[in-house]
Amino acid sequence: MNGAVTLLRHSLKRVRTLVLVMGTLLSVFQVVLILVAGSIQRSSGFDQLGSLIPDFMRNLMGPSFIGLMSFSGIVCVGYFHIAVMGSLVGLTIALGTEPASEIETQFMDLILSRPLARHWVITRSVALLLLCTAFVLLMMMLGTWTGLHFLAPSGAEWPTGELIRSLALNLGVLMVCWGGIALAAASRARRRSVAGSVVGLLALATFLLDYVARAWQPAESIAWLSPFRYYAPLDLVMGKQIPAHNLWVLAGVAACGFAISYFLFSRRDI
Amino acid sequence: MFGFLGLNGAGKTTTIRILLDLLRPSAGRASIMGLDCQSQGLEVRSSVGYLPGEMGLYRDMTGRELLDFLGRLGTRPVVESYREQLVKRLELSAAELKRKLREYSTGMKRKLGLIQAFQSDPPLLILDEPTEGLDPLMQESFYELLSEAKARGRTVFMSSHVLSEVGRVCDRIGLLRKGELVLLSTVEDVRALAPRRLRVWFDRDVNRPGDFPAKYEIVEIQPRLWSLRVHGPLGWLTEHLSGLPVLDIEIDEPRLEDVLTRYYREESQ
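Below is the structure:
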């Protein structure tokens, strides 16, 4: 157990700059979005903005369009903007593929030549994923809270705390899901670049699948395969409750990824 | 002290990695001190200090951070004074230990590797090509560390290409050929298999004797110099020389290389 804590501390130390920078950037992004939303709100621009959107886009986005064209909606965009989701999935892939990197650099030889059971390496990575995910999401929520309290125009309708927590929770579970997949790939691969590329391409493919399925019916039949299908931020913005099913599916995939990682890593050659 | 020998690709490093449970054997089992290396791997590895052939390091760590990190991963405590002694003996300064590993030369990384292997003073040291990259002075320091470890009752298992080094520091050797152990013996016994080189100089020209006994191999016979290889005691020669004008005799100790290169040649053929 002591060795596992040492390993976790070592990994946290190695990724601290990356995680801090990403947390800060995403936190600042939340603040910037609030500034933008405040600016539109002050100029009563949400109505004008709405009228600029073509009808087919309104039809495509459905009723959530109304929710999005509001101060509250713009603030929430920070939790599902493609750049934010891409960065977070990229971060979890980087964290999840650490074992492959340690094998590639042969640092794992030094670690496992000590009396340390192999499962602690995976447990370390799971803990690292959970801690870093929680930290980045808390930073984002802190950015939202700070921006709303100090920069929001008076009279603007804030997103509820529950909505922000739901978005962050669902996004967090999605990140952990991709972390589990990345960890499973890294437990088999000899090179981090291979594991990272495979999972990155898979993430891109499933994101596109989910995106295409929203507009193209034939793709809908297999869209359930995409983890992104289980993150529906626009529904949450529209006031729906976070579906427990979505969380269970994502958490289930993550748990399967972790279980596969333990299995593969305990049997592989280093 | 056990020297583990073999040509490149013979399986030395693979064997070491199986002993440390880094590789899983496709068949058979390995044990250290009566403990199975796989099912009782944790107990085995708690008694082992390991120096890999190639040190995988994070370039942004300092030498001190690496030693602390690896020390904390083990179950045996690292005595700071002993570690400092190792650092001093291998001539790494405190300032160098504060430097990032990206600034380390090959030799410095090797020294750091030796310190991390020795620092908890484990009962068994497994060293893969330990002197690779060390300068001659550091090699001497390393040999001293080995003999001190031996005096404290530690066991050393080292793989090496350098036969003279193995002949100098090891008590027993094992020779691996294409994954099979083809020789397991004490260094003394292996040396006994080798002929001694003998050269005899004469004051004046002497006649060549008619026949040398079978255990004598003739390298060169000149009127005033005989160069021979002798298996076993000199016997016949001492009696024969008593009647001749001998100026000088030079006898080289049998060398490990003379026996082992024969095994190597058989492998390459």
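Here the protein sequences come in this chain order: A and B. Each residue of the first sequence is one higher than the one before, starting from 1 at the first, in our numbering. Each residue of the second sequence is one higher than the one before, starting from 271 at the first, in our numbering. The C-beta atom is built at its ideal place from N, Cα and C for all residues, glycine as well. All values derive from a computational prediction rather than experimental measurement.
{"Query": "Neighbourhood of T376(B) by C-beta distance below 6 angstroms, restricted to the same chain and skipping five residues each side", "Result": "G403"}
{"Query": "The beta strand (DSSP E) enclosing V516(B), as first and last residue numbers", "Result": "V516 to D522"}
{"Query": "For K370(B), the residue or residues it bridges with in DSSP", "Result": "T332(B)"}
{"Query": "Beta-carbon neighbours of S316(B), restricted to chain A and to distances below 7 angstroms", "Result": "P115"}
{"Query": "Every unbroken alpha helix (DSSP H) within the segment 187 to 223 of chain A, with a cutoff of 4 residues, ordered by chain", "Result": "192 to 215 and 217 to 220"}
{"Query": "Contacting residues, own chain, Cβ-Cβ under 8 angstroms from L49(A) (five flanking each side not counted)", "Result": "I40 and M69"}
{"Query": "Contact under 7 angstroms by Cβ, R329(B) with L371(B)", "Result": "yes"}
{"Query": "Coil, strand or helix - G179(A) by DSSP", "Result": "helix"}
{"Query": "CB of L517(B) within 7 angstroms of CB of D473(B), strictly", "Result": "yes"}
{"Query": "Sufficient close CB pairs (3 or more, under 8 angstroms) joining the segment 112 to 119 of chain A to the segment 193 to 212 of chain A", "Result": "no"}
{"Query": "Minimum length 3: unbroken beta strand (DSSP E) runs contained in the segment 452 to 502 of chain B", "Result": "466 to 472, 486 to 491 and 495 to 500"}
{"Query": "Beta carbon proximity, D47(A) to chain B, threshold 7 angstroms", "Result": "no"}
{"Query": "Start-end ranges of the alpha helix (DSSP H) lying completely within the segment 29 to 61 of chain A, minimum 4 residues", "Result": "45 to 52 and 55 to 61"}
{"Query": "6 angstroms Cβ shell around G281(B) - same chain, five flanking residues per side excluded", "Result": "L446 and G449"}
{"Query": "Separation of L336(B) from L367(B), as counted between CA atoms", "Result": "9 angstroms"}
{"Query": "P400(B) at chain A interface by Cβ criterion, 7 angstroms", "Result": "no"}
{"Query": "Reduced DSSP secondary structure (H/G/I, E/B, other) of F80(A)", "Result": "coil"}
{"Query": "Proximal chain A residues relative to F412(B), where beta-carbon distance stays under 9 angstroms", "Result": "Correct list: empty, because the minimum Cβ distance to chain A is about 19 angstroms."}
{"Query": "Against chain A: residues of the segment 331 to 351 of chain B by CB proximity under 7 angstroms", "Result": "F339, L340, R342, L343, G344 and T345"}
{"Query": "Any C-beta of chain B under 7 angstroms from that of T105(A)", "Result": "yes"}
{"Query": "Assumed close pair W174(A), V136(A) - CB separation to whole angstroms, cut-off 8 angstroms", "Result": "The identity of residue 174(A) in the sequence shown is Leu, whereas the question assumes Trp. Not quite, the Cβ-Cβ distance comes to about 13 angstroms (not below 8 angstroms), so this is no contact."}
{"Query": "Chain B contact residues for T6(A), given Cβ-Cβ distances below 7 angstroms", "Result": "F339, R342 and L343"}
{"Query": "For D306(B), the residue or residues it bridges with in DSSP", "Result": "S301(B)"}
{"Query": "Where S43(A) falls, given that 16 or more other Cβ within 10 Å makes a residue buried", "Result": "exposed"}
{"Query": "Three-state secondary structure (DSSP) of L8(A)", "Result": "helix"}
{"Query": "Status (buried if at least 16 other CB within 10 Å, exposed otherwise) for E324(B)", "Result": "exposed"}
{"Query": "Extent of the continuous alpha helix (DSSP H) run through M288(A)", "Result": "Lying before the first or after the last residue shown, residue 288(A) is absent from chain A, which here runs from 1 to 270."}
{"Query": "Inter-residue CB distance, Y79(A) and A168(A) (contact presumed, cutoff 8 angstroms)", "Result": "6 angstroms"}
{"Query": "Within-7 angstroms CB hit, E418(B) to chain A", "Result": "no"}
{"Query": "contact_flag[the segment 135 to 149 of chain A, the segment 22 to 29 of chain A] where n(CB pairs < 8 angstroms) is 3 or more", "Result": "yes"}
{"Query": "Beta-carbon proximity list for V489(B), same chain, < 7 angstroms, skipping 5 on both sides", "Result": "S497, L498 and R499"}
{"Query": "Minimum Cβ-Cβ distance from I122(A) to chain B less than 7 angstroms", "Result": "no"}
{"Query": "Nearest to E104(A) (by Cα), restricted to the options F228(A), S187(A) and V199(A)", "Result": "S187(A)"}
{"Query": "For E450(B), three-class secondary structure by DSSP", "Result": "strand"}
{"Query": "Proximal chain B residues relative to H10(A), where beta-carbon distance stays under 7 angstroms", "Result": "F339"}
{"Query": "Cross-strand partners of R442(B) (DSSP beta bridge)", "Result": "F272(B) and T456(B)"}
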